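**Q** Take 698 as the starting number for the sequence shown in my numbering and just add one per residue. Think of the CB as a built atom: it goes at the ideal place given N, C-alpha and C, for glycine as much as any other residue. Please read these numbers as outputs of a predicted model, since none were measured by experiment. One structure is given below, represented as structure tokens, and several questions about it will come after.
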Amino acid sequence: MRFDDYVVMGWANGLGETREIRRSPAEGVFDWRLSMATVTGPAPFSPFDGVTRTLAVVAGGALDLTVDGVVSRLEVGGPAFEFSGGSPAHATPVGEPVLDLNLMVRGRLSGSIHPVQGRVAPGDGISFLVSLDTSMKTPYGELGLLDAVEVHRTFDCAGSGYLVRIAG
């Protein structure tokens with residue numbers, strides 16, 4: 698899946714845009730959704746009651762994420778942050794606009810986003826690798842910056858990215 702091919706759509710609150718990487722089901726209310734969003738200035742998150750969100754920064758500066766009044770700083774390649782989609786949340790880019798990677802799951806599903814370098818191992822369920830490098834060789838082909846691929850087996854790769862897992 699190439700970054701330039703992700704489906705671009707407006708945020709639910711109308712204050713920005715998202716690039717949808719993949720979702721299930723493909724139409725209607727999602728069980729899970731993986732996307733990237735550009736945050737150019739301070740903005741509230743759209744509420745998604747009953748959804749668990751996991752967020753990581755994939756490009757740009759740092760992001761100050763305020764959830765339930767508590768501020769956490771997210772940086773490119775750093776740990777992801779999980780929170781309830783129903784909680785009041787606000788994002789403030791630090792220094793420059795950011796692009797975030799956002800996983801949303803609902804119901805019995807669980808999800809995670811982990812920084813990865815070297816060994817990539819899928820979990821139970823569905824796994825994706827998102828490249829943070831301009832060129833990352835995988836058994837599934839070469840990935841460019843912010844490209845993604847569904848992962849079905851363990852492999853070693855040169856480069857860094859995020860491993861996204863969805864289970865349940």
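1. Can the beta-carbon of alanine 845 be found closer than 8 angstroms to that of isoleucine 718?
2. Skipping 5 residues on each side, what residues in its chain have a beta carbon closer than 8 angstroms to that of valine 791?
3. Starting from the C-beta of phenylalanine 825, find all residues in its chain whose C-beta is less than 6 angstroms away, skip the five residues before and the five after it, and write them out in chain order.
4. Name the two residues that bound the continuous beta strand (DSSP E) containing proline 790.
5. For my contact list, serine 784 and aspartate 765 are in at a C-beta cut-off of 8 angstroms; report their separation, rounded to the angstrom.
6. When DSSP builds the beta bridges, which residues end up paired with tryptophan 729?
7. Could you pull the start and end residues of the beta strand (DSSP E) that threonine 751 belongs to?
8. Using only CA atoms, which one of Arg850, Pro776 and Ala788 lies nearest to isoleucine 823?
9. Starting from phenylalanine 825, trace the beta strand (DSSP E) in both directions and tell me its first and last residue.
10. Does arginine 730 pass the burial test, meaning 16 or more other C-beta atoms within 10 Å, or should it be called exposed?
11. For aspartate 853, which beta-bridge partners are listed by DSSP?
12. Quick one: is alanine 777 buried, meaning 16 or more other Cβ sit within 10 Å of its Cβ, or exposed?
13. Compare the beta carbon distance of valine 773 and tyrosine 859 with 8 angstroms and say whether it is the shorter of the two.
14. Kindly list the residues whose CB is nearer than 7 angstroms to the CB of threonine 735, restricted to its own chain and excluding five residues on each side of it in sequence; keep chain order.
15. Would you identify the three-state DSSP class for phenylalanine 742, choosing helix, strand or coil?
**A** With the structure as the only source:
1. yes
2. Gly758, Ala759, Leu760, Asp761 and Arg770
3. Ala845, Glu847 and Val861
4. 786-803
5. 5 angstroms
6. Ser721 and Val802
7. 748-764
8. Arg850
9. 823-828
10. buried
11. Arg816
12. buried
13. no
14. Gly713, Glu714, Pro794 and Leu796
15. coil
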